[in-house]
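Chemist: Dropping the structure in here first, questions after.
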Amino acid sequence: MTDALIEIEVEDETWRDAVADVESVVDRAARAALSAVSAEAPCDRELVILLADDEAVRDLNARFRDKDRPTNVLSFPAPDTPPGFPPGPLGDIVLASGVCGREAADQGKSVQNHLTHLVVHGVLHLLGRDHMVEAEAEAMEAEERAILAELGVSDPYEVIDDG
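Residues in the sequence shown are numbered from 367 upward in steps of one, following the numbering used here.
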């Protein structure tokens, strides 16, 4: 695991009701993602993870992405550090409690496992991964699956046949 400085802020207490020891769950997921790509994320990088409510995430999504609705996770990469300077912060991740809870219920997953997946997903975004084109999406999903498997979380993209 990495020695990165990870600040976790619980703005919405719903998170504590939904996930026992939520800070440890988030920290473990973020460190696993950082460790998986440690060459790109030196130990001294900092990131902030905010566990917020839907309204806070809706506001950020509207201001920064022109989408006036809440979403499950937002990632805000920090600007690149100029050459010759020590690495700066990695960025910020914000998660919406209501959206995440509803998605977990709809997908038949625990909120803890869904949160773990979304933290890993957000950290990978901070590290430059994306899923806008199919090849990038496949590569990012493969990384997520590998990291989550190390954490004991099943494949979040597995399609369950109900019939």
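Note that the Cβ used here is the ideal one computed from N, Cα and C, for glycine as well.
Could you give the distance in angstroms between the alpha-carbon of A512 and the alpha-carbon of V439?
Modeler: Counted from its first residue, the sequence shown places residue 512 at position 146. Counted from its first residue, the sequence shown places residue 439 at position 73. Roughly 20 Å separates the two Cα atoms.
Chemist: Please classify A515 as buried or exposed, where buried requires at least 16 neighbouring CB atoms within 10 angstroms.
Modeler: Walking along the sequence shown from the start, residue 515 turns up at place 149. By the neighbour-count rule (16 or more Cβ atoms within 10 Å), A515 is not buried but exposed.
Chemist: Using only the alpha-carbon positions, how far apart do L466 and A395 sit?
Modeler: To locate residue 466, count along the sequence shown from 1; it is residue 100. To locate residue 395, count along the sequence shown from 1; it is residue 29. The identity of residue 466 in the sequence shown is Cys, whereas the question assumes Leu. Rounded to whole angstroms, C466 to A395 spans 16 Å at the Cα level.
Chemist: Output the residue ranges of the alpha helix (DSSP H) runs that lie fully inside the segment 394 to 453 and measure 4 residues or longer, sorted by chain position.
Modeler: 420 to 431
Chemist: Buried or exposed for R411, please, with buried defined as at least 16 other CB atoms from any protein chain shown within 10 angstroms of its CB.
Modeler: What you label residue 411 is simply residue 45 of the sequence shown in a count that begins at 1. Flag for R411 reads buried.
Chemist: If you draw a straight line from the C-alpha of E509 to the C-alpha of E379, how long is it?
Modeler: Locating residue 509 in the sequence shown gives position 143, where the first residue counts as 1. Locating residue 379 in the sequence shown gives position 13, where the first residue counts as 1. When rounded, the distance between both Cα atoms is 30 Å.
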